[in-house]
Amino acid sequence: MPTKKKPLRDLTKIPKELLEQFGEGLMTAEAIEDASAAFKKALIERALHAELGHHLGYPPGAQRPEDESNQRNGKSGKTVLTGDGPLRLDIPRDRDGSFA
18 MPTKKKPLRD LTKIPKELLE QFGEGLMTAE AIEDASAAFK KALIERALHA ELGHHLGYPP
78 GAQRPEDESN QRNGKSGKTV LTGDGPLRLD IPRDRDGSFA
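Here it is as structure tokens:
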């Protein structure tokens with residue numbers, strides 16, 4: 018049975034200024050993997066914080082609505098397994114533990 022080929026993805030272009038923060042010139046394979054893992058961690062944590070804001074009904078730093086008793090309550094560390102190996106994430110928490 019022939020294997021199915023995955024279609025090429027249309028990837029977002031990374032700004033040159035962002036790439037320059039990782040250094041100019043050659044990078045080792047390990048340095049590229051580390052940069053990729055750091056970027057993946059940042060994107061996942063950003064998405065989780067946005068989801069918590071949606072869950073609570075107000076953005077970070079804003080005044081909590083009067084009728085809402087739940088609020089942000091720090092972070093907890095979790096290790097998730099990705100295709101590139103384990104990744105340690107800071108997962109945002111809420112007071113009543115309803116954000117899962």
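Following the working numbering, the numbering of the sequence shown begins with 18 at its first residue and continues without gaps.
Just so it is clear, CB atoms sit at the ideal spot from N, CA and C, and this is done for glycine as well.
1. In three-state terms, what does DSSP make of Asp101?
2. By DSSP, does Arg112 sit in helix, in strand, or in coil?
3. Between the stretch 73–91 and the stretch 101–115, do three or more beta carbon pairs fall short of 8 Å?
4. Arg89 by DSSP, collapsed to three states: which one?
Result, derived from the coordinates:
1. In the sequence shown, counting from the first residue as 1, residue 101 sits at position 84. Coil, per DSSP.
2. What you label residue 112 is simply residue 95 of the sequence shown in a count that begins at 1. Correct three-state label for Arg112: coil.
3. With the cut-off at 8 Å, the stretch 73–91 and the stretch 101–115 touch.
4. The count along the sequence shown starts at 1 and reaches residue 89 at position 72. If DSSP states are grouped into helix, strand and coil, Arg89 belongs with the strands.
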